[in-house]
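Working notes for the structure below.
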Amino acid sequence: MSGHADPSAGRRAARVAEMLGERGLDALLVETPADLRYLTGFSGSHGMAVLRAAAPEADAAAAADAAPGADAQERAHLFLTDFRYTTQSGEQVPAAFAREIVTGELLDAAAAALEGSEGRLGFDDASLTVARHRRLAEKLPQGWELRACTGLVEGLRLVKEPVEIARIRAAAELADEALREILEAGLAGRSEREVAIELELRMRRLGAEGPSFSSIVAAGAHAALPHAEPRDEPIPPDVLVTIDWGALYDGYCSDCTRTYATGEGISERAREVYELVLAAQEAGLAAVQAGPSGREVDAVARAVIEQAGHGEHFGHGLGHGVGMEIHEGPRLSRTAGEEPLRAGNVVTVEPGVYLPGELGVRIEDLVVVGEGAQEVLTSLPKVLTVVS
Ligand code: ZN
Ligand code: ZN
Numbered sequence: 008m009s010g011h012a013d014p015s016a017g018r019r020a021a022r023v024a025e026m027l028g029e030r031g032l033d034a035l036l037v038e039t040p041a042d043l044r045y046l047t048g049f050s051g052s053h054g055m056a057v058l059r060a061a062a063p064e065a066d067a068a069a070a071a072d073a074a075p076g077a078d079a080q081e082r083a084h085l086f087l088t089d090f091r092y093t094t095q096s097g098e099q100v101p102a103a104f105a106r107e108i109v110t111g112e113l114l115d116a117a118a119a120a121l122e123g124s125e126g127r128l129g130f131d132d133a134s135l136t137v138a139r140h141r142r143l144a145e146k147l148p149q150g151w152e153l154r155a156c157t158g159l160v161e162g163l164r165l166v167k168e169p170v171e172i173a174r175i176r177a178a179a180e181l182a183d184e185a186l187r188e189i190l191e192a193g194l195a196g197r198s199e200r201e202v203a204i205e206l207e208l209r210m211r212r213l214g215a216e217g218p219s220f221s222s223i224v225a226a227g228a229h230a231a232l233p234h235a236e237p238r239d240e241p242i243p244p245d246v247l248v249t250i251d252w253g254a255l256y257d258g259y260c261s262d263c264t265r266t267y268a269t270g271e272g273i274s275e276r277a278r279e280v281y282e283l284v285l286a287a288q289e290a291g292l293a294a295v296q297a298g299p300s301g302r303e304v305d306a307v308a309r310a311v312i313e314q315a316g317h318g319e320h321f322g323h324g325l326g327h328g329v330g331m332e333i334h335e336g337p338r339l340s341r342t343a344g345e346e347p348l349r350a351g352n353v354v355t356v357e358p359g360v361y362l363p364g365e366l367g368v369r370i371e372d373l374v375v376v377g378e379g380a381q382e383v384l385t386s387l388p389k390v391l392t393v394v395s
């Protein structure tokens with residue numbers, strides 16, 4: 008995990024520095040792990056950054072003439088962590104950041120670092136807690152004020168660079184391979200929990216940092232709960248089993264769901280629901296491209312399920328963005344905004360039909376949005392397959 012700096016991080020930090028200037032901010036506090044890793048390459052669990060706005064071009068030229076040293080310009084930003092990460096941060100964090108190893112609270116040190124200047128400090132109000140906001144306001148030096156800026160960095164993260172897509176693709180391939188190995192040993196007779204544990208173990212053996220979320224393995228009526236916890240009970244024959252899993256690889260997540268039959272003897276209704284969800288999934292997948300909004304793509308798949316009379320049994324959104332976080336923007340749902348999908352978004356398409364007390368089916372693929380095209384990253388077959 009450590010030992011290699013992400014060459015993209017410095018470039019991204021420079022871009023955010025420009026955006027701050029455009030928005031009338033002088034600095035930005037970055038503390039969510041995904042945003043921090045995106046901008047600094049730091050993959051540890053305890054760090055923080057203060058990015059400084061880039062000076063407008065004319066000012067920068069003037070400053071360079073009169074500058075005491077170019078070094079001050081180059082190390083405009085600040086990265087803070089504790090002594091456990093001295094070596095790791097030294098390897099990972101680019102030169103644009105001055106590094107400080109802090110003994111106390113990172114937040115206090117971040118505020119103290121602003122001493123001697125003044126301006127507006129942006130923070131992400133989607134992540135900074137009320138208590139920490141209060142503490143920050145107390146510690147902030149004279150002349151500084153706080154400005155909420157929701158999802159400024161997350162907004163950039165939604166459009167993936169080729170290097171990021173390559174990592175998500177690798178995570179998806181690894182997760183697919185792990186499930187293939189699991190299916191060879193069969194499903195019926197093993198417990199849901201055993202299958203989930205084995206799946207996570209195999210992903211790790213294949214090189215994953217871990218699962219990208221707790222795997223779901225749910226058989227029969229249990230699969231009617233969209234977020235079922237795997238149980239110790241054995242998976243029966245002749246039922247549908249939903250498996251929802253993903254790998255975390257090189258900082259990026261994958262996400263996939265498949266539903267299998269554990270025997271030819273599944274009910275006629277189970278087959279019908281399976282074919283319906285598959286039809287909705289393929290319709291939704293075909294609608295994914297740059298241009299339409301997440302709401303519009305959701306509606307395409309939802310219409311298929313509604314026309315079959317199962318609208319009320321599909322109670323969640325069609326999909327979500329995936330990247331450094333397993334659930335991020337853009338959303339594909341009835342309540343998503345009108346924002347169009349953009350080339351480079353990576354989203355899931357995962358309709359489901361859940362019949363309480365009876366059965367559940369969900370089928371999910373991970374797809375890269377393109378201009379009039381798409382790349383599906385998950386590759387396991389979707390035709391109803393018996394795995395006994
Ligand atoms: Zn999933
Ligand atoms: Zn998902």
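Count along the sequence shown starting at 1, add 7, and that's the number in the working numbering. Ideal Cβ placement from N, Cα and C applies to all residues, glycine included. Note that the structure is a prediction, hence the values are computed from the model and not measured.
Check, Outcome
"Cutoff 6 Å; reference D13; Cβ partners in own chain excluding five residues on either side", "G48"
"Buried or exposed (CB count within 10 angstroms, at least 16 for buried), R276", "exposed"
"Counted within 10 angstroms of its Cβ, other Cβ atoms place F104 as buried (16 or more) or exposed", "buried"
"Beta-carbon spacing of A185, D257 below 9 Å", "no"
"Rounded separation between S386 and G364 - CA only", "31 Å"
"Closest Cα partner of E180 within the set L384, L391, T392", "L384"
"Closer than 8 Å: G367 CB and nearest ligand 1 heavy atom", "no"
"Assigned exposure category for A65 - 16 Cβ within 10 Å defines buried", "Here A65 scores only 48 on pLDDT, less than 50, and its place in the model should not be relied on; the value that follows carries that caveat. Counting Cβ neighbours within 10 Å, A65 comes out exposed, since fewer than 16 surround it."
"Cβ pair W252, A144 closer than 9 Å", "no"
"For M55, the first and last residue of its enclosing alpha helix (DSSP H)", "It is not in any alpha helix (DSSP H) - M55 instead sits in the beta strand (DSSP E) that spans 54-59."
"Distance cut-off 8 Å: E371 Cβ against heavy atoms of ligand 2", "yes"
"Inter-stretch contact at 8 Å, needing at least 3 Cβ pairs: the segment 116-131 / the segment 32-40", "yes"
"Closer than 8 Å: G359 CB and nearest ligand 1 heavy atom", "no"
"In DSSP terms, what I250 is bridged to", "V224, R265"
"For V47, the first and last residue of its enclosing alpha helix (DSSP H)", "The residue you asked about is not Val; residue 47 is Thr in the sequence shown. That run of the alpha helix (DSSP H) goes 40-47."
"Helix, strand or coil at D305 [DSSP, three-state]", "helix"
"Cβ pair count under 8 Å reaching 3, the segment 161-172 against the segment 347-354", "yes"
"Sufficient close CB pairs (3 or more, under 8 Å) joining the segment 145-159 to the segment 14-34", "yes"
"Buried or exposed (CB count within 10 angstroms, at least 16 for buried), V280", "buried"
"Cβ-Cβ separation, S340 to G301 (assumed contact under 8 Å), whole Å", "6 Å"
"Element boundaries [alpha helix (DSSP H), containing H140]", "137-146"
"Residues of its chain near V246, where Cβ-Cβ distance is below 7 Å and the 5 sequence neighbours each way are ignored", "A226, G227, T269, I273"
"Continuous alpha helix (DSSP H) stretch holding A396: start and end", "The structure shown does not extend to residue 396, since the chain is modelled only from 8 through 395, so no value can be given for it."
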